[in-house]
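For the sequence shown, the numbering used here begins at 7 and goes up steadily by one. Beta carbons: idealized from backbone N, C-alpha and C, even for Gly. Remember, it's a predicted structure, so these values are computed and weren't measured experimentally.
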Amino acid sequence: MKLNGSVPGLRVMPCNKNLVNSHGDFVLYWMTAFRRVSWNFALDRAVDWAKALQKPLLVLEALRCDYPWASERLHAFVLEGMAHNAGELAKGPVAYYPYVEGVKGEGKGLLESLSRNACVIVTDHFPCFFIPAMTKTAAGKVGVLMEKVDSNGLIPLCLSDKVFQAAYHFRRFSQKHLLMLLNPQPKARPFSGLKREIFEVIPPTVAKRWPGMSFDANNPIRNFVKTLPIDHQVQPVKERGGMGAARSTFGIFMQDPFSSYNKNRNHPDSSAESGLSSYLHFGHISSHEVVQEILKQQEWSPKQCAEQAKGQREGWWGMDENAEAFLDQIITWRELGFHFCHNRPDYSEYGSLPNWAIQTLGQHEKDPRPFLYTMREFEEARTHDPVWNAAQKQLLEEGRIHNYLRMLWGKKILHWSATPKDALRIMEKLNNRYALDGRDPNSYTGIFWILGRHDRAWGPERPVFGKVRYMTSASTKRKLHMNGYLQRWV
7 MKLNGSVPGL RVMPCNKNLV NSHGDFVLYW MTAFRRVSWN FALDRAVDWA KALQKPLLVL
67 EALRCDYPWA SERLHAFVLE GMAHNAGELA KGPVAYYPYV EGVKGEGKGL LESLSRNACV
127 IVTDHFPCFF IPAMTKTAAG KVGVLMEKVD SNGLIPLCLS DKVFQAAYHF RRFSQKHLLM
187 LLNPQPKARP FSGLKREIFE VIPPTVAKRW PGMSFDANNP IRNFVKTLPI DHQVQPVKER
247 GGMGAARSTF GIFMQDPFSS YNKNRNHPDS SAESGLSSYL HFGHISSHEV VQEILKQQEW
307 SPKQCAEQAK GQREGWWGMD ENAEAFLDQI ITWRELGFHF CHNRPDYSEY GSLPNWAIQT
367 LGQHEKDPRP FLYTMREFEE ARTHDPVWNA AQKQLLEEGR IHNYLRMLWG KKILHWSATP
427 KDALRIMEKL NNRYALDGRD PNSYTGIFWI LGRHDRAWGP ERPVFGKVRY MTSASTKRKL
487 HMNGYLQRWV
């Protein structure tokens with residue numbers, strides 16, 4: 007059976023060659039990356055199937071405890087999003103099944119068991135971390151058609167198989183296609199017209215073996231995560247997860263910081279960052295929703311766009327400087343990483359660096375380092391440099407680093423590590439363990455940019471760095487307003 011639904015075909019990919027079981031009891035949406043209940047092409051696809059087959063829709067949102075770097079910090083953020091989804095879906099015509107492992111491996115077999123009663127399975131197409139391998143394995147175990155749907159960003163991952171080495175080239179490519187990609191959008195209200203089912207959808211035998219999570223005010227999430235077999239040294243942050251928190255953060259950003267974003271975003275004392283990176287990573291908010299709100303606020307029309315796509319950072323949209331600067335971040339730089347991961351499965355390996363970077367770093371690998379720090383010294387922010395220590399302390403406590411300082415943070419790890427490969431290993435561990443927005447194509451863009459990806463060769467050639475771009479804490483302090491930032495974290 008072929009479905010001509012509301013989701014563009016470029017965003018839908020079959021994961022196996024199985025057929026739709028029209029005699030099944032429900033359509034199953036396995037939510038793994040886009041953990042939200044609106045502005046979600048994958049959810050839209052599942053709703054389309056439910057309408058076409060005239061079957062109820064079951065949303066499975068599960069959380070393992072054995073994924074790499076699983077911790078109280080990451081678990082709490084995801085669970086807060088699940089609690090929000092539970093509240094939202096309780097109001098509508100969809101059955102919601104939140105499952106959380108209490109013991110490693112406890113959830114094994116859940117998806118396969120549900121598939122026996124499913125007509126078709128829809129899941130999320132996320133090109134990073136363990137999700138591609140997990141999706142591929144699961145598709146081989148289920149007996150019905152499984153589709154994965156791309157709701158990562160504005161530019162579909164399958165639009166091009168080219169590996170873009172520079173942001174300029176990706177920006178030019180995206181500008182050629184963006185106007186036609188702004189519609190159709192994922193739906194803000196995806197359940198319109200979906201019939202409400204009054205019977206229990208989850209098979210009783212499945213519900214008994216894998217009991218769903220109950221979000222009880224008497225058992226707060228941040229207490230619950232302490233009982234799980236995960237990393238308890240990485241504590242939850244003040245920031246809360248979920249679609250509601252994401253929209254609140256975005257609303258605050260649009261009220262004031264957005265009006266000076268271009269001027270102040272690089273200054274730590276100005277607090278002009280959007281704060282959306284963590285929510286985008288966990289799928290609690292869609293970049294489609296964010297972009298549409300900015301277009302609406304700017305009263306933008308396609309007629310304002312430049313006639314030619316030249317890859318320019320400013321002027322193509324025909325908006326004010328703040329809007330154009332932010333859109334370049336959330337579209338060009340964010341989606342550049344997604345497309346790289348999609349087209350280069352070795353995105354996390356040292357060998358994925360451009361040849362010039364591998365060559366110049368190799369030529370300088372044996373250069374004396376001014377300082378050499380161990381993984382533990384880096385992790386505990388025990389270097390000689392107060393600026394670097396401040397950035398690391400922010401990562402430890404808040405799960406993030408100010409965007410400009412994240413670049414300096416990585417450059418100094420390269421400068422103070424025995425080899426470039428050691429620097430990569432240290433950056434990856436610190437980022438993926440502590441950063442809420444780690445384990446993401448965008449964060450791998452940041453880590454590998456330190457080593458030369460999406461950049462060019464710079465002169466003069468320097469010890470350790472070779473032709474890779476060089477940064478210093480002294481110049482950073484001179485350029486940025488950060489006295490308040492340093493007082494807080496040092």
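8 Å Cβ cutoff met for residue i and residue j
i    : j    : result
K427 : Y353 : no
V126 : V100 : no
L436 : L492 : no
L457 : L378 : no
D275 : G490 : yes
H90  : V231 : no
H345 : L163 : yes
C71  : I227 : no
A194 : N22  : no
K147 : E118 : yes
Q181 : W322 : yes
L120 : L16  : no
V207 : P74  : no
A396 : V496 : yes
F197 : V18  : no
Which listed residue (the options) has its alpha carbon closest to that of residue i
i    : options                   : result
P133 : V474, M381 and R350       : R350
Q369 : S293, H408 and E467       : E467
T233 : N361, G458, K61 and V106  : V106
P192 : S479, S481 and V43        : V43
M88  : L69, R439 and M140        : L69
V474 : P20, L401, A396 and Q365  : Q365
N225 : K309, Q298, E86 and I453  : E86
F384 : P376, E371 and K399       : K399
W327 : N361, M381, K309 and F264 : Note on residue identity: the sequence assigns Glu, not Trp, to residue 327. Residue F264 is the option with its Cα nearest to E327.
I336 : A463, L160 and G199       : L160
E279 : S481, Y102, A145 and Q261 : Q261
G452 : A480, G472, H408 and D54  : H408
F288 : R246, K309 and K269       : R246
P376 : W362, P360, K418 and R382 : K418
H421 : K372, Y450 and M152       : K372
A39  : F179, H131, R177 and D54  : H131
T380 : D391, A429, G472 and S358 : A429
Y103 : Q303, V212 and D391       : V212
Rounded separation between residue i and residue j - CA only
i    : j    : result
P14  : P190 : 8 Å
A56  : L116 : 21 Å
V26  : P138 : 22 Å
L64  : T129 : 12 Å
H487 : S266 : 14 Å
C311 : E305 : 13 Å
F259 : P374 : 44 Å
Q239 : A58  : 48 Å
W339 : G405 : 21 Å
I300 : C347 : 27 Å
R494 : Y35  : 44 Å
F454 : K214 : 46 Å
D393 : R51  : Sequence check: residue 393 is Val here, not Asp. V393 and R51: Cα-Cα distance of roughly 47 Å.
P242 : F83  : 8 Å
E434 : F136 : 15 Å
K97  : Y476 : 54 Å
G111 : L49  : 27 Å
S497 : N229 : Because the chain here runs from 7 to 496, residue 497 falls outside it and cannot be looked at.
V33  : P20  : 15 Å
E295 : M140 : 28 Å
G108 : R439 : 21 Å
G416 : E320 : 27 Å
K483 : R431 : 27 Å
E403 : R388 : 15 Å
H175 : P210 : 53 Å
H273 : R178 : 28 Å
Anticipated Cβ contact below 8 Å, residue i with residue j, distance rounded
i    : j    : result
H460 : L342 : 7 Å
E78  : R41  : About 18 Å; that fails the 8 Å criterion.
S307 : N46  : The pair is not a contact, with the Cβ atoms about 27 Å apart (cut-off 8 Å).
H290 : G324 : Wrong, their Cβ atoms sit about 30 Å apart, outside the cutoff.
N123 : G30  : 6 Å
P469 : Q171 : That pair is no contact at about 25 Å.
W216 : G93  : The Cβ separation is near 21 Å, so there is no contact.
S479 : D391 : 5 Å
Residue-level contact to chain D via CB, residue i, 8 Å cutoff
i    : result
A396 : Considering every chain present, this structure includes no chain D. It has just one protein chain.
The region 148 to 165 / the region 314 to 333 touching (three or more Cβ pairs under 8 Å): The region 148 to 165 makes no contact with the region 314 to 333; the number of CB pairs closer than 8 Å stays below 3.
Contact between the region 276 to 288 and the region 442 to 460 (3+ Cβ pairs under 8 Å): Under the three-pair Cβ rule at 8 Å, the region 276 to 288 counts as touching the region 442 to 460.
Segment contact flag, the region 403 to 414 with the region 249 to 256, C-beta cutoff 8 Å, min 3 pairs: Segments in contact, no.
Three or more C-beta pairs below 8 Å linking the region 321 to 336 and the region 201 to 221: Taking a cut-off of 8 Å for Cβ pairs, the region 321 to 336 and the region 201 to 221 do not touch, as fewer than three such pairs fall below it.
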